[in-house]
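Residues 0 to 291 in numbering that gives the first Met the number 0 are what the sequence shown spells out, letter by letter. Note that the Cβ used here is the ideal one computed from N, Cα and C, for glycine as well.
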Amino acid sequence: MASSFDKYQKRKLISSYISVVISIALVLFLLGCLGLLVINAKKVADHFKEQVVMTIYLNDTAKEVEVNQLKKSLAMADYTKEAVYVSKEEAAELMKSETGEDFMDFVGYNPLKNSIDVHLKANFVTTEKLTEITESLSNKAFIEEIRYDNDLVELMNDNVKKITFWVLIISGLFTLIAVLLINSSIRLAVYSKRFIIKTMQMVGATKSFIRRPFVWKSVQLGIIGAIVALIGMGVVLYYLDITFPELELLRNTVLIIALFAGIFVLGIVITWISTFIATQRFLNLKTDQLYY
C-alpha cells in the first residue's frame, strides 16, 4: 500500500512539474514571439514603404545626355534605393503581358512615355519628403510628370504609427500577464507543499533553509521552460526567415541574441521571485490558516 501511495505521489509530483514547465514555456514563447515582432516591426514597415514607387515620366524630346545625367544623379541621391529606367517599348511589352492584348493594334502607335521608376528609402516615404523631391526635380524641362500614390503613402504612415503604438501597449500588457501566469503556476506548485513547509518550520528549520530547495527546483523548471520556449522561437524565426528572405530577419544578430538571453533570464528571475514570495507567504501563515 505504501509503495502504491508513493508511486501515486511521485506521479502527481511529476505531473505538477510538467504542467509548470509547459505553462512557463508557453508564456515565454508567446512573449518571445512578441519580442521578435517588436524588434522587426520597423524592418517590416520599412520593407512595405520601400515598395512605393515614384515614377518620373520623360518628354520624347529629352536628349540622351540629359536622361543619363538624371539617372546618375538619382542613383547618387540620398533618398534613392534603386532607380530603374523603363523605355516606352519596355512599358508597352509589360502592359501587353499584363493585359494579354496589344493595345498598339487599336491605337496605331505607342502613346507611353520613357520613364524612371525610383524606389525610395523608407525614411523618405512621407508626404513632406516626396513633395520636396518632386519640387527639386520638376524644374528640369525634359521631365513631363512625376507620379506617386500620395494617398497610399499617407495611409501607410498612419497605419505604421497606429500599429507601433498598439504593439508597445500589447507588449507591456502581455509582459504583465506572463508574470502573473507564471507566478500563479508556481504558487499552485508551492501550495501543494504547504504542510511540508510548516512541518519543517515546526521542527526548527530556518526560513532560508526551507525556502532554498523550493527556489532551486523552481529555477530548474524555469530553465527547462525557457529552453523549450527558445527552441520554439528559433523554429519560428527560421521559418519566417525562409518564407520572407527579403526582410532579412536574421541580420540583426545582436538584438536577436539579446532577446533570447532576455527570455532565458526572465524565465529564471520570474520563477525565483514567484517561489520566494509563495514560500514566504506560507512560512508566515499560522498552522490553522493552512486549511483555507
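Neighbourhood of residue i by C-beta, 7 Å cutoff - its chain only, sequence neighbours within 5 removed
{"i": "A1", "result": "The predicted position of A1 is uncertain, since its pLDDT is 46 and thus under 50; a value taken from the coordinates is nonetheless stated next. Excluding positions up to five away in sequence, the list is empty."}
{"i": "E153", "result": "T126"}
{"i": "I277", "result": "It should be pointed out that residue 277 corresponds to Ala in this sequence rather than to Ile. Here the set comprises I185, R186, V189."}
{"i": "V178", "result": "I269"}
{"i": "N156", "result": "T125"}
{"i": "L151", "result": "V51"}
{"i": "C32", "result": "M232, V235"}
Residue closest to residue i, alpha-carbon to alpha-carbon, out of the options
{"i": "F226", "options": "Y16, I23, S18", "result": "Here residue 226 turns out to be Ile, not Phe, going by the sequence shown. Per the Cα distances, I23."}
{"i": "S273", "options": "T130, L119, I185, S170", "result": "I185"}
{"i": "F47", "options": "K112, W165, V124, Y237", "result": "V124"}
{"i": "F28", "options": "I17, N283, M232", "result": "M232"}
{"i": "I262", "options": "Y16, V20, V26, S18", "result": "V26"}
{"i": "L249", "options": "V19, L35, L172, S18", "result": "L35"}
{"i": "L57", "options": "Q68, V51, L167, Q50", "result": "Q68"}
{"i": "Y78", "options": "T252, I132, A204, W165", "result": "I132"}
{"i": "S207", "options": "N283, D116, I176", "result": "N283"}
{"i": "V83", "options": "L119, T60, A91", "result": "L119"}
{"i": "M53", "options": "R193, A121, D59", "result": "A121"}
DSSP-derived helix/strand/coil call for residue i
{"i": "L119", "result": "strand"}
{"i": "G114", "result": "Note that residue 114 is Ser in the sequence shown, not Gly. Three-state DSSP puts S114 in a strand."}
{"i": "V152", "result": "helix"}
{"i": "V159", "result": "helix"}
{"i": "A74", "result": "helix"}
{"i": "A371", "result": "Summary: the structure shown does not reach residue 371, with the chain confined to residues 0 through 291, and so no result is reported for it."}
{"i": "F4", "result": "Annotation note: pLDDT 45 at F4 (below 50); position unreliable, coordinate value reported separately. F4 falls in the helix class under three-state DSSP."}
{"i": "K42", "result": "helix"}
{"i": "V264", "result": "helix"}
{"i": "N251", "result": "coil"}
{"i": "V124", "result": "coil"}
Limits of the unbroken alpha helix (DSSP H) element including residue i
{"i": "V218", "result": "206-242"}
{"i": "A197", "result": "Per the sequence shown, the amino acid found at residue 197 is Lys instead of Ala. Here the alpha helix (DSSP H) through K197 covers 193-201."}
Identity of the residues DSSP links to residue i by a beta bridge
{"i": "T54", "result": "D116, R146"}
{"i": "Y84", "result": "I115"}
{"i": "T79", "result": "L119"}
8 Å Cβ shell around residue i - same chain, five flanking residues per side excluded
{"i": "E65", "result": "K139, F141"}
{"i": "V202", "result": "none"}
{"i": "V218", "result": "I267, T270, W271, T274"}
{"i": "K42", "result": "L246, E247, L248, N251"}
{"i": "Q200", "result": "K206, I209, L282"}
Heavy atom of the ligand COA within 7 Å of residue i beta-carbon
{"i": "A260", "result": "With respect to the ligand COA, the structure offers nothing, as it holds no ligand at all."}
6 Å CB neighbourhood of residue i in its chain, flanking five on each side removed
{"i": "N113", "result": "L57, S86, K87"}
{"i": "I223", "result": "V20"}
{"i": "F4", "result": "Confidence at F4 is low in this model, with a pLDDT of 45, below 50, so the placement of that residue should be treated as unreliable; the coordinate-derived value is given next. Around F4: no qualifying Cβ."}
CB contact check: residue i to chain B, cutoff 8 Å
{"i": "I21", "result": "Chain labels in this structure do not include chain B; a single protein chain is all it has."}
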